[in-house]
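Following this note's numbering, the numbering of the sequence shown begins with 28 at its first residue and continues without gaps.
Where is the CB? At the ideal position from N, CA and C, for every residue including glycine.
All figures in this text were calculated on a predicted structure; none of them were measured in a lab.
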Amino acid sequence: MLASGWALTGCSAGSSTSGTAEGSDAGDAAAAAALVRDYLDAISAGDAEAAHALDEHLLSDSAYADRDVTTLLTDEALQGAERIEGVEVDEPDASEIGTRTVRVSYEYTLDDAPYAGALRVQRDDAGAWELAEPLAGALLVQVEAADGSKRPVGFSVPGAEYSPDPSAERPQLVTAYPAVYEVTATLPEGSLADGAESTQSVVLGEVDGVYATFAVTSLPAS
């Protein structure tokens, strides 16, 4: 497995459908935490449709204009992957509830490794909690020739297949929820370098970016 990561910028978080400005501080804290738990539980269950219903307004903004936000954000792709487990969510301190935005801490495990972080949730115009940032990273699949030259290529995972846009000015990142994806590069027969495998297990652990790089004898025709 080859997975080298990079930090993503421009991701902003959001939330929901539960909680109002009128409720008690304790009740609002519970509602904010419930939103994040619903989101992470949906990802854990492989229910990408439910998760995407909570973050779709975020993934369609300008920060994601040059990314694919459809191929891997499906039930089929997420259910075909090894998903997060052991989700734990902490309520924000009730003293923070008077502010428009709060951070909700979470923990989960993936591929036997622990992950922890926090998602921002904010009030919408009606006073209900909504996600202020998604828990979604990005995947770039590429090939590398012996001279070090690289090129993005199409790939498949159980439940989904992706083909790069040949007209794109730069490589397109494929947005995905945290999971372990079995990535198979779409390559001409016999193009892999000696000893190279056509499938890699790629761990997308949190809001980051991961490269899956396949060694080839020469770059495929564009």
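| Check | Outcome |
| --- | --- |
| Tell me which residues share the same chain as residue 115 and place their Cβ nearer than 8 Å to its Cβ, disregarding the 5 neighbours each side in the sequence. | 133, 134, 135 |
| Beta strand (DSSP E) containing residue 231: first to last residue? | 226 to 231 |
| From residue 235 to residue 56, what does the alpha carbon distance come to, in whole angstroms? | 27 Å |
| Taking the beta strand (DSSP E) that residue 235 falls in, what are its first and last residues? | 235 to 242 |
| Under the assumption that residue 69 contacts residue 77 (Cβ atoms under 8 Å), give the Cβ distance between them as a whole number of angstroms. | 4 Å |
| Please identify the residue among 221, 104, 152 whose C-alpha is closest to the C-alpha of residue 204. | 104 |
| Within 10 angstroms of the Cβ of residue 120, are there 16 or more other Cβ atoms? Answer buried if so, exposed if not. | exposed |
| Report all residues from its chain with a CB closer than 8 Å to the CB of residue 215; omit the five preceding and five following residues, and keep chain order. | 247 |
| Report all residues from its chain with a CB closer than 7 Å to the CB of residue 209; omit the five preceding and five following residues, and keep chain order. | 184, 185, 226, 228 |
| Excluding five sequence neighbours on each side, which residues of the same chain lie with their C-beta closer than 8 Å to the C-beta of residue 233? | 142, 144, 162, 164, 205 |
| Taking just the CA atoms, how far does residue 147 sit from residue 140? | 23 Å |
| Report back the beta-carbon spacing between residue 85 and residue 201 to the nearest angstrom; my notes put them in contact at under 8 Å. | Incorrect: roughly 17 Å between the Cβ atoms, too far for contact. |
| Between the C-alpha atoms of residue 49 and residue 94, what's the straight-line distance to the nearest angstrom? | Residue confidence for residue 49 is low, a pLDDT of 41 falling below 50, so the modelled location carries little weight; the figure read from the coordinates is stated next. Cα to Cα, the separation comes out at about 38 Å. |
| Which same chain residues, not among the five before or five after residue 81, have their C-beta less than 6 Å away from its C-beta? | 66, 158 |
| Short of 7 Å in beta carbon distance, which residues of its chain neighbour residue 79, apart from the five on each side in sequence? Order them along the chain. | 100 |
| Expressed to the nearest angstrom, what Euclidean distance is found between the alpha-carbon atoms of residue 244 and residue 169? | 13 Å |
| Is the beta carbon of residue 207 sitting closer than 8 Å to the one on residue 90? | no |
| Go through its chain and collect everything with a Cβ distance to residue 180's Cβ below 8 Å, but skip five positions before and after it. | 168, 169, 170, 191, 212, 213, 214, 241, 247 |
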